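Take a look at the structure set out below.
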Amino acid sequence: MAIQTAKLSFTNWRDYYELTKPRVVMLMILTSLIGMLLAVPGMVPLEILILGNIGIALCAGSAAAINHLVDRYIDTKMARTSNRPVARGRVEPRKAILFSLLLGILGMAVLMVFVNVLTAWLTLISLIGYAVIYTMFLKHATPQNIVIGGLAGAAPPLLGWTAVTNEIHPHALLLVLIIFAWTPPHFWALAVHRKEDYARAKVPMLPVTHGVPYTNLHILLYTFILFAVSLLPFATAMLGWLYLLGAVVLGLGFIYWSLVMLRGRDPNAGIETFKYSIIYLMALFCIMLLDHYLISV
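Each residue of the sequence shown is one higher than the last, beginning at -15 in my numbering.
Below, the structure written as structure tokens:
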């Protein structure tokens, strides 16, 4: 009996961890961390570096838990999400709400007390944007849901920047703009791969409402927009030649995968483009950091 109880507790722990969408949050914290480091020529104070990212991560996890709760009926109809804790009944909706509130309150408290009020309010706005405006309304209202709602997910580098400087700087907004332009081709590639899931769940994603060829064309167009936007940190002298080289190479790689999707001959092009888009964003922000400390400073 003791062994069974221990096993159940471990399973519950894993379920609550899954509620926070840890892989998504880790990518967000990577961009938040790099936003912090780009904000100053030297090193960020250790307290801000650690507590700032903890606060942002807790609030992001809170928003993710609300997404699990709101989408629990949709999740049961999609192969990718059918085993999520709330959808499968392993975590009760009431407990998911309490867990989300706990994370959100803790995250806001950390940011208010140890970081600054500006970062706390911007983080709260981002949380509401994703958990309420996108998840509850935009996702079901328009095939442009991810374009409009993507702004909330683009906020982490700005949050990292303001955590250090307590000001909204134009360079931080450039980082937001890059993620904002990256989000549609990133998510639409997955939506193409999972088109039948979204259709079954009656979520008006672009491939469902306008078809795959139309979506593939818009993925390519947004990838061109992303390529142009990604050059702005060099054009504004925020970053130097090392970043420019990395942005061009990575951007051409993204355009290549977008063209593969447009041709429509590879049945795995959607998921491969989706995977590349994650590598693209991680690599681009890491190259920013290298350029910042090796070239631009």
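No residue lacks a Cβ here, since even glycine has one placed at the ideal position from N, Cα and C.
What you are looking at is a predicted structure, and each value in this text was computed from that prediction instead of being measured.
Q: Jot down the residue ranges of each uninterrupted alpha helix (DSSP H) in the segment 112 to 155, minimum 4 residues, whole runs only, in chain order.
A: 129 to 137, 140 to 149
Q. Which of the three DSSP states, helix, strand or coil, is assigned to Glu66?
A. The question names Glu, yet the displayed sequence has Ser at residue 66. In this structure, Ser66 counts as coil in the three-state DSSP scheme.
Q. Can we say the segment 265 to 272 touches the segment 218 to 235, given the rule of at least three CB pairs closer than 8 Å?
A. yes
Q. So what's Asn200 in DSSP terms, helix, strand or just coil?
A. helix
Q: Decide if the segment 31 to 39 is in contact with the segment -4 to 12; the criterion is three or more beta carbon pairs, one per stretch, under 8 Å apart.
A: No, the segment 31 to 39 does not touch the segment -4 to 12.
Q.
Quick check on this structure: which residue in Leu122, Gln128, Ala138, Thr199 has the alpha carbon closest to the alpha carbon of Ala253?
A. Thr199
Q: Measure the alpha-carbon distance for Ala63 versus Arg56 and round it to whole angstroms.
A: 13 Å
Q | Distance CB(Gly235)-CB(Ser261) smaller than 8 Å | A | no
**Q.** Three-state secondary structure (DSSP) of Lys186
**A.** coil
**Q.** Neighbour-count burial assignment, Asn67, 16 or more Cβ in a 10 Å radius
**A.** Taking all protein chains shown into account, Asn67 has fewer than 16 neighbouring C-beta atoms within 10 Å of its C-beta and is therefore exposed.
Q) Does the Cβ-Cβ distance between Leu135 and Phe164 come in under 8 Å? A) yes
Q: Kindly give me the distance between the Cβ atoms of Ala175 and Lys61, rounded to whole angstroms, as I take these residues to be in contact under 8 Å.
A: So it is not a contact: roughly 15 Å between Cβ atoms.
Q: Take the Cβ of Pro140 as the centre, count every other Cβ of all protein chains shown within 10 Å, and call the residue buried at 16 or more, exposed below.
A: buried
Q: For Gly133, I'd like the list of residues in its chain whose CB is within less than 6 Å of its CB, leaving aside the five on either flank, ordered along the chain.
A: Tyr118, Leu122
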